[in-house]
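Numbering (the numbering used here), first residue to last: 48 to 160.
Glycine included, each C-beta is placed from N, C-alpha and C at the ideal position.
These figures come from a predicted structure and were not determined experimentally.
Taking it in order: structure first as structure tokens, then the write-up.
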Amino acid sequence: MKKVKRPWGNFTTLWKEGANIKIIEVKSRSRLSLQSHRFRDEFWFLLSGELWYLIGRKKGKMKKGIVYQIPRGTKHRLWANKKGGRIIEVSLGKFDEKDIIRYEDDYGRADSG
């Protein structure tokens, strides 16, 4: 397993067969892109810390024991305020790290047009 660093934290891929399973760690006061995917659905589970989410028009503080479902094509974002946090992300469908449409990004990676 290899930890991949990102400006907002890091992720580690645990499984790639049939489903893609990752541990995502978000640093304090950081957020992921507002994004969507064309070919996969995602499911988030809070492991630790304090994280907030935006999925479509719904947003709030993540709670343990809740499964957060992100259907393909749905805009979504994950972020941390004072504390960071960790989730498990399960992706179903055709998985490709390039299948990310970024609408907003704090690190200059948003798609143009």
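Inset, instruction - Flag this pair as touching only if the stretch 150–158 and the stretch 107–119 have three or more C-beta atom pairs under 8 angstroms; answer yes or no. - result: With the cut-off at 8 angstroms, the stretch 150–158 and the stretch 107–119 do not touch.
Legend entry - Continuous beta strand (DSSP E) stretch holding F47: start and end: There is no way to answer for residue 47, as the model of the chain reaches only from 48 to 160.
Inset, instruction - Between the Cα of W126 and those of L61, R87, I134, spot the shortest distance and give me the residue it belongs to. - result: The residue labelled residue 126 in the question sits at position 79 within the sequence shown. Cα-wise, what sits closest to W126 is I134.
Inset, instruction - Please list, in chain order, all residues of the same chain as A66 whose beta carbon is under 7 angstroms from its beta carbon, the five residues on each side excluded. - result: What you label residue 66 is simply residue 19 of the sequence shown in a count that begins at 1. The beta carbon of A66 sits closer than 7 angstroms to those of V137, S138, L139, all from its chain and outside the five residues before and after it, given in chain order.
Inset, instruction - Go through its chain and collect everything with a Cβ distance to I71's Cβ below 6 angstroms, but skip five positions before and after it. - result: As a position in the sequence shown, residue 71 is number 24, starting the count at 1. Excluding residues within five positions, the ones whose Cβ falls inside 6 angstroms are F58, I134, E136.
Inset, instruction - Starting from the C-beta of W91, find all residues in its chain whose C-beta is less than 6 angstroms away, skip the five residues before and the five after it, and write them out in chain order. - result: On the sequence shown, position 44 is the one that residue 91 refers to. So the qualifying residues of the chain are Y115, I134, E136.
Inset, instruction - Within its chain, find whatever has a CB closer than 8 angstroms to the CB of K129; leave out the 5 residues flanking it on each side and keep chain order. - result: Position 82 of the sequence shown, counted from the start, is the residue given in the question as residue 129. Excluding sequence positions up to five before and after K129, its CB lies within less than 8 angstroms of the CB of S75, R76, E97, all in the same chain and listed in chain order.
Inset, instruction - Use the C-beta contact count for E64: other C-beta atoms within 10 angstroms, 16 or more gives buried, fewer gives exposed. - result: By 1-based counting over the sequence shown, the position of residue 64 is 17. E64 should be labelled exposed.
Legend entry - CA nearest to the CA of I68, picked from S80, K49, R78: The sequence position of residue 68 within the sequence shown is 21, counting from 1. Nearest option by C-alpha distance: K49.
Inset, instruction - Give the range of the beta strand (DSSP E) segment to which W55 is assigned. - result: Within the sequence shown, numbered from 1, the residue matching residue 55 stands at position 8. Per DSSP, W55 belongs to no beta strand (DSSP E) and is neither H nor E.
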